[in-house]
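*Asks:* One structure coming up, written as structure tokens, with questions to follow.
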Amino acid sequence: MEFTDTIAAISTPVGMGGISIVRVSGDNAFEAMEGIFVRPGGKRFADAAANSLSYGHIVGDKGEIIDEVLVGKMVSPHTYTTQDTAEINCHGGLSAAKSILSLLLEKNVRSAQPGEFTKRAFLGGRIDLSQAEAVGDMISSQTEMFARIAAGQIAGALRERINGITDKILNLLSQLEVTIEYPEYDIPELTENQLLFALKDIGQDIEELGKTYKKGEIARNGLKTAIVGKPNVGKSMLLNRLLNEEKAIVTDIPGTTRDVVDELIVLSGIPVKLMDTAGIRQSSEVVEALGIQRSLAAMETAQLVLFVCEACNPPAEEDREILSKTEGKDRLILLNKCDRGVNGEAMAFFEKYDPILISAKTGEGIDKVEQAIVDFASQGSGETTQCALIVNERHKALIDSAAQSISRAVDALEGGLPGDLIEIDINECRNRLGLITGETADEDLINDIFSKFCLGK
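No gaps in the numbering here: position 50 of the sequence shown is 79 in the working numbering, and each next residue is one more.
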């Protein structure tokens, strides 16, 4: 791909603000600044030191002052794009930035495409494709947790993990190829046991990386948490209590909630997507029945289920039925309305599930619920914000495909197939991993990924 021409774009969001930034990058970036950027004493921008800020004015064709600015000068290859880059810091608002961009476009500079600055960083070899995608994640991050994970990925955490696995694959392929291509030479042959051990070692590395997707998905989209139970057990009041605001309608009338209500909260930096569902029961009322169907669907897709039952009454048949529907799901059992007393039969029935006594009305036990949610989301993860994580579906699909390729290679080896057929699956695994880092990505994939970026990045 050719990327030697010079591009420019406004890199800050449109709207009112203290500062706007116009970025220009390419072989003629500094030349484009001459004639429109005037420094005190007539100093040329080309003579400014690398990695410096220069004060001056942007002027129009007739010498009229457009704005008072600071211009950063970054010299290739030590720049974001690896090319000569100037960043014009002008006053905020749209007018000044648009005027400056218009002047640049008259200087043999073209408008940048979405994500083109980051694309040039990738094509210039400064970052790989996983790091480039992490830049987009950083821009779109809405929680501290996801921002820190994105920062770790930008720093190369995933790239290093993938490259470590790829190095093992390349080493194995080189040994296998020597065994296949040059059997007549006196070279120590790779034994079947050695090959099997190496394949399983690579497979385990890939599998462990794939397991990080659970944490990555939670960081990106929030922990999908469904609040379920029969009507009128306090699900909506629990939602409001967790949100610290009145979002859901609360009444004593069973069946008030008719649809799934989604809200996002952040607990200890972890995004949690709460889904308040319609009370689950047998109903002939059409609208309520539809709401119940959606409740069951939400429960099925949830990563964590908060099953709410009454602490003050024995478990009803509906409670038992709903509890059975949550079998196999990660769940917390919450016995609500403990402010009305605790029923012995209820405690005896739920004791083996380690229930949490709460009162959504008074707030009792809510801190324990929040901590239990945080503990669940964090289990087995340790400190992951600066570690390699799979955080998007594209990477997850490629990791799964790579794991399948290695699994096929193991099956082929154990089935007695020749080495050249086993080599095909190993190479396919390498190719899948290369699509994450960009090593084996084609132009169409690269263009598609960067087209999703914002303009100016």
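Yeah, the Cβ is synthetic: ideal placement off N, Cα and C, and Gly gets one too.
Give the C-beta separation of Gln142 and Ser54 to the nearest angstrom, bearing in mind that I take them to be a contact with Cβ-Cβ under 8 Å.
*Replies:* Your numbering for residue 142 matches position 113 in the sequence shown. Your numbering for residue 54 matches position 25 in the sequence shown. The pair is not a contact, with the Cβ atoms about 13 Å apart (cut-off 8 Å).
*Asks:* Given this structure, state the Cα-to-Cα distance separating Asp477 from Glu329, to the nearest angstrom.
*Replies:* Residue 477 sits at position 448 when you count from the first residue of the sequence shown. Residue 329 sits at position 300 when you count from the first residue of the sequence shown. So the two alpha carbons sit approximately 32 Å from each other.
*Asks:* What residue range is occupied by the uninterrupted alpha helix (DSSP H) comprising Ser54?
*Replies:* By 1-based counting over the sequence shown, the position of residue 54 is 25. Per DSSP, Ser54 belongs to no alpha helix (DSSP H); it is in the beta strand (DSSP E), Ile48 to Ser54.
*Asks:* Apart from the five residues just before and just after Leu361, which ones in its own chain have a Cβ nearer than 8 Å to its Cβ?
*Replies:* Here residue 361 refers to the residue found at position 332 when the sequence shown is read from its first residue. Correct list, in chain order: Leu333, Val334, Leu335, Phe336, Ile385, Val398, Ala401, Ile402 and Phe405.
*Asks:* Where do the ends of the beta strand (DSSP E) carrying Gly101 lie?
*Replies:* On the sequence shown, residue 101 is found 72 positions in, with the first residue counted as 1. First-last of the beta strand (DSSP E) with Gly101: Ile94 to Met103.
*Asks:* First and last residue of the beta strand (DSSP E) that includes Tyr84?
*Replies:* Along the sequence shown, one-based indexing puts residue 84 at 55. Note, Tyr84: beta strand (DSSP E), Ser81 to Val88.
*Asks:* Which residues in the same chain as Leu82 place their Cβ atom closer than 6 Å to its Cβ, once the five residues preceding and following it in sequence are excluded?
*Replies:* Here residue 82 refers to the residue found at position 53 when the sequence shown is read from its first residue. The answer, listed in chain order, is Leu99 and Gly101.
*Asks:* Reducing DSSP to helix, strand and coil, say where Asp473 ends up.
*Replies:* Numbered from 1 along the sequence shown, position 444 holds the residue referred to as residue 473. Correct three-state label for Asp473: helix.
*Asks:* Give the secondary structure of Phe32 by DSSP, where H, G and I count as helix, E and B as strand, and everything else as coil.
*Replies:* On the sequence shown, position 3 is the one that residue 32 refers to. The answer is coil: DSSP assigns Phe32 none of H, G, I, E or B.
*Asks:* Got a sec, what are the start and stop residues for the alpha helix (DSSP H) Thr466 sits in?
*Replies:* In the sequence shown, residue 466 corresponds to position 437, counting from 1. Per DSSP, Thr466 belongs to the alpha helix (DSSP H) from Gly448 to Thr466.
*Asks:* What are the boundary residues of the alpha helix (DSSP H) that includes Lys264?
*Replies:* As a first step, residue 264 is located in the sequence shown; it is residue number 235 there, counting from the start. Run containing Lys264: Lys264 to Leu272, per the alpha helix (DSSP H) assignment.
*Asks:* Any idea if Gly485 is buried or exposed, counting beta-carbon neighbours within 10 angstroms, 16 or more meaning buried?
*Replies:* Locating residue 485 in the sequence shown gives position 456, where the first residue counts as 1. By the 10 Å Cβ count, Gly485 comes out buried.
*Asks:* For the structure I just gave you, are there three or more beta carbon pairs, one from the stretch 422-433 and one from the stretch 235-244, closer than 8 Å?
*Replies:* With the cut-off at 8 Å, the stretch 422-433 and the stretch 235-244 touch.
*Asks:* Using a threshold of 8 Å, state whether the C-beta atoms of Ile36 and Glu189 are closer than that.
*Replies:* Within the sequence shown, the letter at position 7 stands for residue 36. Within the sequence shown, the letter at position 160 stands for residue 189. Result no, Cβ atoms of Ile36 and Glu189 do not sit closer than 8 Å.
*Asks:* Taking only runs that begin and end inside the stretch 323-374, name each unbroken alpha helix (DSSP H) of 4 or more residues, in chain order.
*Replies:* If we require 4 residues or more, the alpha helix (DSSP H) runs fully inside the stretch 323-374 come out as 346-354.
*Asks:* Let me know if Asp157 comes out buried or exposed under the rule of 16 or more other beta-carbons within 10 Å of its beta-carbon.
*Replies:* Counting from 1 along the sequence shown, the entry for residue 157 is found at position 128. Asp157 is buried by the Cβ-count criterion.
*Asks:* Between Ile387, Lys302, Gln204 and Gly154, which lies nearest to Met266 when the distance is taken from Cα to Cα?
*Replies:* The count along the sequence shown starts at 1 and reaches residue 266 at position 237. Ranking the options by Cα distance to Met266, first place goes to Ile387.
*Asks:* What span of residues does the beta strand (DSSP E) with Val290 cover, start to end?
*Replies:* Here residue 290 is taken as the residue at index 261 of the sequence shown, counted from 1. Counting along the chain, the beta strand (DSSP E) containing Val290 begins and ends at Val290 to Leu296.
*Asks:* Strictly by DSSP, which residues pair up with Pro300?
*Replies:* The residue labelled residue 300 in the question sits at position 271 within the sequence shown. Note: Pro300 sits in a beta bridge opposite Val295.
*Asks:* Which whole-angstrom value is the C-beta distance of Leu123 and Ile87, which I expect to be below 8 Å?
*Replies:* Indexing the sequence shown from 1 puts residue 123 at position 94. Indexing the sequence shown from 1 puts residue 87 at position 58. 15 Å between Cβ atoms; not a contact.
*Asks:* Short check: CB of Leu442 to CB of Leu228, under 8 Å?
*Replies:* On the sequence shown, position 413 is the one that residue 442 refers to. On the sequence shown, position 199 is the one that residue 228 refers to. Going by C-beta atoms, Leu442 is nearer than 8 Å to Leu228.
*Asks:* Kindly give me the distance between the Cβ atoms of Ile198 and Arg459, rounded to whole angstroms, as I take these residues to be in contact under 8 Å.
*Replies:* Within the sequence shown, the letter at position 169 stands for residue 198. Within the sequence shown, the letter at position 430 stands for residue 459. Ile198 to Arg459, Cβ: 5 Å. Contact.
*Asks:* Just curious, the alpha helix (DSSP H) that Thr147 is in, first and last residue?
*Replies:* The residue labelled residue 147 in the question sits at position 118 within the sequence shown. Glu145 to Leu152 is the span of the alpha helix (DSSP H), which, as asked, contains Thr147.
*Asks:* Run the CB neighbour count on Met45, radius 10 Å, all protein chains shown included, and call it buried at 16 or more, exposed below.
*Replies:* Along the sequence shown, read from residue 1 onward, the residue named residue 45 stands at position 16. Exposed.
*Asks:* Just to confirm, is the Cβ distance from Phe226 to Gly467 under 8 Å?
*Replies:* Numbered from its first residue, the sequence shown carries residue 226 at position 197. Numbered from its first residue, the sequence shown carries residue 467 at position 438. Not a contact, by the Cβ cut-off of 8 Å.
*Asks:* Going by alpha carbons, who is nearest to Gly232 out of Lys381, Thr195 and Leu271?
*Replies:* One-based indexing of the sequence shown puts residue 232 at position 203. Checking every option, the nearest Cα to that of Gly232 belongs to Thr195.
*Asks:* Considering only residues of the same chain and omitting the five flanking positions on each side of Gln182, which have a CB-CB separation below 6 Å?
*Replies:* Here the question's residue 182 lines up with position 153 in the sequence shown. Answer for Gln182: Ala163, listed in chain order.
*Asks:* Does the beta-carbon of Asn222 have 16 or more other beta-carbons within 10 angstroms, so that it is buried, or is it exposed?
*Replies:* By one-based count along the sequence shown, residue 222 stands at place 193. That one is exposed.
*Asks:* Along the chain, where does the beta strand (DSSP E) that runs through Val257 open and close?
*Replies:* Residue mapping note: residue 257 aligns to position 228 of the sequence shown, counting from 1. Leu252 to Val257 is the extent of the beta strand (DSSP E) around Val257.
*Asks:* Take Leu272 and list the residues in its own chain whose beta-carbon comes closer than 7 Å to its own, dropping the five residues that flank it on each side.
*Replies:* As a working mapping, residue 272 is identified with position 243 in the sequence shown. Counting only Cβ-Cβ distances below 7 Å, and skipping sequence neighbours, we find Glu292 and Ile294.
*Asks:* Give me the DSSP bridge partner(s) of His107.
*Replies:* Here residue 107 corresponds to residue number 78 of the sequence shown, with the count starting at 1. Partner(s): none; His107 has no beta bridge.
*Asks:* First and last residue of the alpha helix (DSSP H) that includes Glu393?
*Replies:* Within the sequence shown, numbered from 1, the residue matching residue 393 stands at position 364. Careful: Glu393 lies outside any alpha helix (DSSP H) and carries neither H nor E.
*Asks:* If you reduce the DSSP assignment to three classes, tell me which class Ile387 lands in.
*Replies:* Translated into the one-based positions of the sequence shown, residue 387 becomes position 358. Correct three-state label for Ile387: coil.
*Asks:* Grab me the residues of Arg461's own chain with a C-beta within less than 7 Å of its C-beta, minus the 5 sequence neighbours each way, in chain order.
*Replies:* Counting from one through the sequence shown, the residue named residue 461 turns up at place 432. Cβ within range, chain order: Leu427, Ser430, Ala431 and Ser434.
*Asks:* For Ile117, report the span of its beta strand (DSSP E) as first-last.
*Replies:* Locating residue 117 in the sequence shown gives position 88, where the first residue counts as 1. Taken as a continuous stretch (DSSP letters only), the beta strand (DSSP E) holding Ile117 covers Thr114 to His120.
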